[in-house]
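Trainee:
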Amino acid sequence: MKQSRAMSLVESIANVIVGYGVAVVTQILIFPIFGLHTTLAQNLKMGAIFTIVSITRSFALRRLFETIRARRS
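Residues in the sequence shown are numbered from 1 upward in steps of one, following full-length UniProt numbering.
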């Protein structure tokens with residue numbers, strides 16, 4: 001079954017929203033171990049940047065693999 005572009009984007013966004021929460025919590029816990037001290041606002045901003053990059057990457061890869069699959073069919 002072929003997944004539409006819109007559903008690919010929705011799935012990617014849902015996946016990244018969960019990842020965003022995990023990333024921010026991980027930053028809060030791990031950064032101090034490496035001597036990095038950031039505020040919650042800074043962690044949220046960094047998480048937002050990583051989220052945008054992640055959505056773009058995930059969507060592009062999904063579309064690439066869908067194109068490969070379609071060509072083989």
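For glycine and all other residues, C-beta sits at the position ideal for the given N, C-alpha and C.
As the structure is a computational prediction, the values presented were derived from the model and not from experiment.
Judging by CA-CA distance, which residue of I28, K45, I55 and S4 is the nearest neighbour of residue 113?
Mentor: Residue coverage of the chain in this structure runs from 1 to 73, which leaves residue 113 outside it and unanswerable.
Trainee: Leaving out the 5 sequence neighbours to the left and right, which residues in its chain are closer than 7 Å to T51 when beta-carbon positions are compared?
Mentor: Same-chain partners within the cutoff: V16 and Y20.
Trainee: Is the stretch 57-68 in contact with the stretch 2-16, if contact means three or more CB pairs nearer than 8 Å?
Mentor: The answer is yes - the stretch 2-16 touches the stretch 57-68, with three or more Cβ pairs under 8 Å.
Trainee: Apply the 10 Å Cβ neighbour rule to S73 and answer buried if 16 or more other Cβ atoms are within range, or exposed otherwise.
Mentor: Flag for S73 reads exposed.
Trainee: Use the C-beta contact count for Q42: other C-beta atoms within 10 angstroms, 16 or more gives buried, fewer gives exposed.
Mentor: Exposed, because fewer than 16 other Cβ atoms sit within 10 Å of the Cβ of Q42.
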